[in-house]
Amino acid sequence: MGIEVPTPGPYHDVDYVIKIHFQQDVPDTQIPLLIHVVSLRYCERYHPEIVIITTDQKYNFPLQENGQRFDVPNNRFRVPVSDLPTFFATGWCHAALGRSRLGANCPATWNYVRLILGIENVVLMDVPYTPHLSSKLQLSRLEWEVLKEREMQEFQAKIAKQKRIDNIRLSAALLRSSQLDTKPGHADEKNSVTKRFPFTGTPGLKEQMYGSSPLEFFSIFMPDDIVSYIATETNRYAEDFIEKTDLTPSSRAQQWKEVGSSELRVFFAIILLQGIIRKPLQKWYWSQNPLISTPYLSSMMSEKRFSTIMRFLHFTNNNTLDLSTHPQPGLRKIYEVYEAINQKFKSAYVPEKDISVDESLMLFKGRLGFKQYLPKKRARFGIKFYQLCESSSGYIWNSIIYTGKDVPLWSEAAAYRTTTNIVMTLMDNLLDKGYCVTLDNFYTSPELAELLIAKRTDMFGTLRLNRRGLPQQLKDAKLKKGEIIGFQKGKICAMKFMDKKPISILSTVHNTKIVEHQKKRKTNDGRAERVPPQKKPQAIVDYNFTMGGVDKADQCLSYYPTVRNQQKKYYLKIFRHILNQCVWNCFVLYKKNKGTLSHLDFRLELVTELIKTYGDTKVSSHSASGDRLTGRHFPSSIEPTLKKKNPTRVCVVCALTYDSKGQRIRRESRYQCKKCNVALCVDPCFEKYHTVERL
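Heads up, the sequence shown is in our numbering, so the first residue is 22 and it goes up one at a time.
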C-alpha cells in the first residue's frame with residue numbers, strides 16, 4: 022500500500038484530501054484500520070469535509086447517504102465529517118494521509134498527520150499566505166506565522182516520544198481490527214513468511230579484561246563500588262541498631278566492629294564455599310567434631326564474626342527510605358544492590374540472537390506479601406523471578422522480581438496484558454536488533470507477536486488457545502496423531518499439531534513444515550541408542566532446542582546453592598541467590614573466553630583467590646590448627662571479669678567427647694592455655710590437646 026499527496030485541482034474546495042494506492046490485493050476483512058482509531062478527533066477539529074480517492078476500481082464501494090445507496094464514479098468519494106463513523110463502518114479507512122486547503126500545504130497540519138500516523142517520508146511545501154487563508158482563519162499574516170511557528174515547535178517536541186507510542190498503538194489496532202486469516206491448510210514456504218529479521222547485534226563480552234582468572238570475572242559483577250556500598254550500609258545499620266537497642270552485656274552485637282570491603286569479600290567466599298560443602302546447620306562449619314569439621318573455614322573467619330556480619334548485612338539506608346517515591350517498595354531492602362548487579366549483567370555481555378524468557382522460583386516459605394505458589398515448580402513456594410537468558414549458554418541477561426502491582430514495567434506497553442509488559446520490559450534494550458525470543462504459553466499471544474514485529478524482533482512459543490485474536494477454526498480443529506493445521510496472517514503463523522496431545526504454537530519465523538527428528542536415549546546398561554526418527558513441526562524442534570536457557574541456569578545454580586532454608590529475612594535470601602547468579606554468569610563468560618575449568622573447579626578457584634587476595638588467615642580462637650603440637654605451653658587461671666571472680670569456660674577437649682548415650686560431654690574448667698587461648702581441664706585434657714594430632 023502506498024500513500025500519495027494529490028495535486029490541487031478538482032479538490033480546491035475541500036479541506037482534506039486522501040489518496041490511497043493498493044500495491045497488492047488486500048482482504049476485505051483487513052481494510053478497517055487507522056483513522057477512526059487515532060486521527061478522527063483531528064479530522065473533526067480541523068477539517069469539516071474529506072475527499073477519499075482510490076486507484077483501483079475493485080475498492081469502489083457504494084456508500085450510504087440519507088438512507089440511499091449510490092455509486093460514486095471515478096473512485097472519488099466526498100464525505101462530510103459528520104458521516105465519517107458511517108463511512109468507516111462500511112469497510113474503508115485502510116490508511117490515510119491528510120492535506121489541508123489551509124495554505125494548500127499547512128505545515129502544522131502536516132505535522133498533525135505525521136504525529137498521528139508516524140509517517141516520515143512526507144515532503145512539506147510552504148505555500149504563500151493568501152487572502153483566502155486570511156478569511157478562512159481570520160488571522161493576519163504575522164499572526165499566522167507566529168501560530169505556525171509555535172505549533173511547529175510544540176509538535177517537534179512531542180514527535181520523538183509520541184511517535185513510538187503511536188506506532189505500537191497502530192500495530193495493535195491492526196491486530197484487533199481482524200482475526201488471523203481463517204483459510205485452513207498447510208502453510209508452506211511459498212505462501213508464508215518465515216524469514217527472520219536481520220540480526221544486527223554484536224554478541225560477546227563488552228568489559229575490558231586484564232586477565233582470565235575467576236576473580237577477574239567475578240569483579241565484573243561485584244566491583245569495588247558495589248562492595249563498598251554494602252559495607253557502608255551494613256556498618257550504618259549495625260550502629261543504628263546498637264544505638265537504639267538495649268543490649269545485654271553478653272550480646273554479640275556489643276562486640277561489633279566495622280566491616281570493610283576486603284572482609285566482606287571473604288564473607289562472600291564463605292557463602293560460596295557453603296554452597297559446595299553442604300551441611301544441615303550453619304554452625305557445623307565451625308564444629309571441631311572430627312567427623313564434620315572444616316578446619317580451614319575457622320582460619321578464614323570465626324563463627325561469631327560470620328554470624329554477626331550476616332545479622333547486620335544491609336543494602337539500603339533506612340533513614341532516607343521513602344516508600345511513596347520508591348520505584349518498587351516491595352524490594353526496598355535490596356532494590357539498589359539488585360538493580361546495580363542487574364545492570365552489570367546487561368552491560369557486561371551482549372547475548373546471541375536466540376534468547377528465552379521464563380519464570381524461576383527461589384524457595385522461600387517465610388511471611389512475605391509477594392510470596393508465590395507455583396505447584397509445578399520444585400520449590401512450589403517462593404519468590405518469583407522473570408528471567409531473560411541466552412538460549413545456548415543460560416547466561417542470565419535480565420530479570421524482574423515479581424512483587425505485585427508495584428513492579429516497574431515497560432511504560433509504552435502499559436495498556437496491554439501483564440505478561441506482554443513483562444516480555445517487553447525484559448527485552449527493552451534488545452529490541453530493533455533482530456533477536457528471536459522463545460516463550461512458553463504463559464507469555465505467547467498474537468498481541469505480543471504484533472508488538473515484537475513492530476520492533477523488528479521475532480518470537481515463537483507454545484500457545485494457549487483462549488488468547489484473543491485466534492481463528493475459531495484453530496480452536497475447534499479435530500486432528501489425528503501426526504496431523505497439523507495452520508493459519509497465516511502476515512508474519513504470524515498459528516498452528517496446532519497432534520502428538521500424544523494437541524500442541525499449539527505461535528511463531529513469526531516458522532510455517533507448518535514437518536521434519537524428521539532423531540534423538541538418542543540411554544539403555545539400562547548406560548549405553549546410548551538411537552530411537553526411530555519422529556516427525557515433528559520444525560517449530561517444536563526449535564522450541565525444544567532454544568527454550569531451555571532459564572532451566573539450564575536454574576539447574577546449574579541448584580548444584581551449589583548459596584541460599585539456606587533457615588534464612589528468615591527475605592532480602593538476605595535474595596542477595597545470596599543473586600550472588601550465586603553472579604558466579605554462574607562469571608562461569609559462562611569464563612567458558613566463552615576459552616576457559617578450561619569445570620563449574621565446580623571454577624567455584625573452588627574463585628573461593629581460593631578471594632581468600633588469598635583479601636583474607637587474613639590468622640587462626641581463630643577455637644581453631645584446632647596452628648602450633649598447639651609444638652612450642653612451650655603452660656596452664657594458667659582464667660582471668661576474672663566484672664561479673665565473676667572465678668570464671669569458667671567450656672573445655673574444648675571434653676566438648677569433643679561423647680558419653681555412652683551419644684551425647685556430647687560438657688565440662689567447664691577454670692584453667693586455660695594462654696598461648697592457644699582455649700579452656701582445658703588440667704588433667705588429662707591439657708596434655709591430650711597438645712600431643713594428639715586428631716582430637
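For each residue, glycine too, the CB sits at the ideal point set by N, CA and C.
A Cβ-Cβ contact shorter than 8 Å links A560 with H531. For the pair of segments examined, the region 283-291 was found not to touch the region 592-599: the number of CB pairs separated by less than 8 Å stays below three. Between the alpha carbons of V248 and K227 lies a distance of about 21 Å. Membership of D497 in the alpha helix (DSSP H) is indicated by the continuous run 493-497.
F406 and Q276 have their C-alpha atoms roughly 37 Å apart. Collapsing the DSSP output to three states places F242 in a helix.
Under the three-state reduction of DSSP, D261 is assigned to helix. Boundaries of the beta strand (DSSP E) harbouring L382: 375-384, taken from the DSSP string. Sorting D563, H538, V378 by C-alpha distance to the C-alpha of R551 places H538 at the top. Between the region 376-388 and the region 407-425 there are three or more inter-stretch CB-CB distances shorter than 8 Å, so the stretches are counted as touching. Looking at the backbone, the Cα of Q364 and that of A574 are separated by about 18 Å. Straight-line spacing of the CA atoms in M445 and S272 works out to 50 Å. If only complete runs of 4 or more residues are kept, the region 516-584 shows the alpha helix (DSSP H) at 559-567, 570-580, in order along the chain. Among the bridge pairs identified by DSSP, C514 is matched with Q509, S528. Taking a cut-off of 8 Å on C-beta distances, the region 390-397 does not touch the region 624-635, as fewer than three cross pairs fall below it.
In the structure shown, M448 adopts coil according to DSSP, grouped into three states. Relative to the Cα of I422, the nearest Cα in the group Y437, G390, S413, L452 belongs to G390. Cβ neighbours of P350 within its own chain (closer than 6 Å, five residues either side excluded): L344, D427. In the three-state scheme derived from DSSP, where H, G and I count as helix and E and B as strand, G652 is classed as coil. Rounded to the nearest whole angstrom, the CA to CA distance from K541 to A549 is 6 Å. DSSP, read as helix, strand or coil, puts D479 in strand. In the DSSP assignment, S690 is bridged to R670. The C-beta of N310 has fewer than 16 other C-beta atoms within 10 Å across all chains shown, which makes the residue exposed. Going by beta carbons, T255 and F333 fall inside the 8 Å limit. Annotation: L627 to S240 spans about 11 Å, alpha carbon to alpha carbon.
The shortest C-alpha to C-alpha distance from R488 to any of G569, A475, K501, P467 is the one to P467. Note that the C-beta distance between F402 and Y592 is not below 8 Å. Annotation: I291 is outside any beta strand (DSSP E); the continuous alpha helix (DSSP H) that includes it extends over 282-297. Counted as a single uninterrupted DSSP element, the alpha helix (DSSP H) harbouring C706 occupies residues 706-712. Relative to L495, the option among P523, C702, E260, I474 whose CA is nearest is P523. Put simply, the region 291-306 does not touch the region 365-372. Fewer than three CB pairs are less than 8 Å apart.
Take D453, set aside five residues on each side of it, and the residues of its chain with a beta-carbon closer than 6 Å to its own are K476, R477, in chain order. Inclusion of L473 and I526 in the CB contact set at 8 Å is not warranted, their separation being larger than that value. V371 is bridged by DSSP to G225. Under DSSP, the beta-bridge partners assigned to S657 are Q693. Between the alpha carbons of R649 and W605 lies a distance of about 40 Å.
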